[in-house]
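K.L.:
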Amino acid sequence: MNLVLLGAPGAGKGTQAKYIAEYYHIPHISTGDIFRRHLSEGTPLGQQARTYMAEGKLVPDDITDAMVDERLRLPDAIRGFILDGFPRNVNQGTALEVMLADRERHLDAVIYINVPRDVLIERLVGRRVCPQCGATYHVRFDPPKVDGICNVCRSSLVQRPDDRLETVATRLSVYSEETAPLTAFYQERGNLLEIDGTKSVQSVYEAIIQRLGARHD
Ligand code: ADP
Ligand code: ADP
Ligand code: ZN
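With UniProt numbering, letter number 207 in the sequence shown gets 207, and the count goes up by one each step, no holes.
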């Protein structure tokens with residue numbers, strides 16, 4: 001199963017991707033997570049991405065495309081993948097088509113999680129993440145058992161610097177201008193499955209699995 005998860009920042013892509021990856025036994029490939037790992041490890045790629053990420057802008061396509069191409073070469077991606085946060089503009093969408101064609105593969109579906117702007121802002125500013133294990137929480141919608149502490153590894157939770165209100169506005173504009181046109185791009189290709197992302201995590205997950213299943217019956 002070769003899948004793409006499309007949706008604005010805060011739509012719930014990371015949350016859903018984790019479950020979908022488990023369900024289909026495919027790797028969850030998040031370009032944001034890969035970039036953040038490079039940042040924390042101080043690699044040259046991390047240095048290149050740093051300013052763009054801090055400002056909420058997109059990292060240039062050549063850097064991002066090469067990183068995804070390399071990730072798709074790893075053996076675990078042979079059985080499939082779920083891409084979360086890539087492609088993020090039409091140019092990257094075209095680059096992905098070329099990468100897949102080179103491997104004689106194609107996308108099975110593009111899941112578009114649709115959430116209105118006011119809900120996105122509420123989700124982003126309340127998001128807390130574990131810097132140690134990557135687990136994601138929300139101060140109101142999915143609080144940890146002990147305030148500020150990761151359930152999984154007991155580390156102190158942090159707010160992503162780009163989840164502060166100032167940067168959130170930029171990220172949402174970047175999404176509308178650069179990423180939103182991908183819904184039409186995939187609609188034309190007959191790949192788009194639109195899901196109402198305002199429901200509970202469990203309901204959204206069930207809707208996705210049901211729609212994907214229906215496509216393959
Ligand atoms: P994305 O990867 O699209 O940026 P996340 O999966 O990190 O989004 O979710 C953003 C925030 O919203 C997180 O704090 C997460 O806990 C919360 N969240 C995710 N899905 C839901 C949902 N269906 N209902 C309420 N909160 C959610
Ligand atoms: P979100 O919660 O907004 O979905 P991500 O974790 O996917 O956040 O992305 C965080 C940041 O990483 C983005 O604001 C951008 O700077 C960079 N990034 C992630 N994926 C891409 C991509 N496909 N192209 C360019 N930049 C990206
Ligand atoms: Zn943790």
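Beta carbons are placed, not taken as given, at the ideal position from N, Cα and C, and that holds for glycine. Predicted, not measured: the structure shown is a model, and the values here were computed from it.
Could you check whether the Cβ of VAL4 sits closer than 7 Å to any heavy atom belonging to ligand 1?
P.N.:
VAL4 Cβ: outside cutoff for every heavy atom of ligand 1.
K.L.:
Mind pulling the beta strand (DSSP E) runs of 3 or more residues that sit fully within the region 84 to 142?
P.N.:
Taking only runs of at least 3 residues, the beta strand (DSSP E) segments lying wholly in the region 84 to 142 are 109 to 114, 127 to 129, 136 to 138.
K.L.:
Sort ARG50, GLY7, GLY80 by Cα distance to ALA34 and report the nearest one.
P.N.:
One detail in the question is off: residue 34 reads as Ile in this sequence, not Ala. Minimum Cα distance to ILE34 is reached at ARG50.
K.L.:
For the pair the region 19 to 36 and the region 69 to 87, tell me if three or more CB-CB distances fall below 8 Å.
P.N.:
Judged by Cβ distances under 8 Å, the region 19 to 36 makes contact with the region 69 to 87, as three or more pairs qualify.
K.L.:
Looking at C-alpha atoms only, which residue of VAL110, THR64, ASP196, GLN47 is the closest neighbour of PHE185?
P.N.:
Selected option, being the one with the closest Cα: VAL110.
K.L.:
For GLY56, is the classification buried or exposed, using 16 other Cβ atoms within 10 angstroms of its Cβ as the cut-off for buried?
P.N.:
Its Cβ being crowded by 16 or more others within 10 Å, GLY56 is buried.
K.L.:
What does DSSP give as the partner residues of ASN2 in its beta bridges?
P.N.:
According to DSSP, which records beta bridges pairwise, ASN2 is partnered with PHE81.
K.L.:
Does DSSP put VAL204 in a helix, a strand or coil?
P.N.:
Three-state DSSP puts VAL204 in a helix.
K.L.:
Would you kindly check if the distance between the Cβ of VAL139 and the Cβ of ARG128 is under 8 Å?
P.N.:
Contact flag set, yes.
K.L.:
Output yes or no for whether 8 Å exceeds the beta carbon distance between TYR112 and LEU6.
P.N.:
A contact, by the Cβ cut-off of 8 Å.
K.L.:
Rounded to a whole number of angstroms, what is the C-alpha to C-alpha distance between ASP217 and GLN210?
P.N.:
Unreliable positioning characterises ASP217 in this predicted model, as indicated by a pLDDT of 48, which lies under 50. The coordinate reading is nonetheless provided below. Distance between the alpha carbons of ASP217 and GLN210 is about 11 Å.
K.L.:
Near LEU124, which residues of its chain fall below 7 Å by C-beta distance, leaving aside the five closest residues on each side in sequence?
P.N.:
PRO9, GLY10, ASP163, VAL168, listed in sequence order.
K.L.:
Compute the minimum distance between the beta carbon of ASP142 and the heavy atoms of ligand 1, and state whether it is under 7 Å.
P.N.:
Checking the Cβ of ASP142 against ligand 1 gives yes.
K.L.:
Quick check on VAL59: does DSSP put it in helix, strand or coil?
P.N.:
Looking at VAL59 - three-state DSSP - the assignment turns out to be coil, as it is neither helix nor strand.
K.L.:
From LEU192, GLN48, TYR205, GLU70, pick the residue whose C-alpha is nearest to that of ARG103; which is it?
P.N.:
Of LEU192, GLN48, TYR205, GLU70, the residue nearest in Cα terms is GLU70.
K.L.:
Count the other CB atoms within 10 Å of the CB of THR170; is the residue buried (16 or more) or exposed (fewer)?
P.N.:
So THR170 counts as exposed.
K.L.:
Contact between the region 201 to 209 and the region 15 to 22: three or more CB pairs below 8 Å?
P.N.:
Contact holds: three or more Cβ-Cβ distances are below 8 Å.
K.L.:
Using only the alpha-carbon positions, how far apart do LEU212 and GLY80 sit?
P.N.:
LEU212 and GLY80: Cα-Cα distance of roughly 14 Å.
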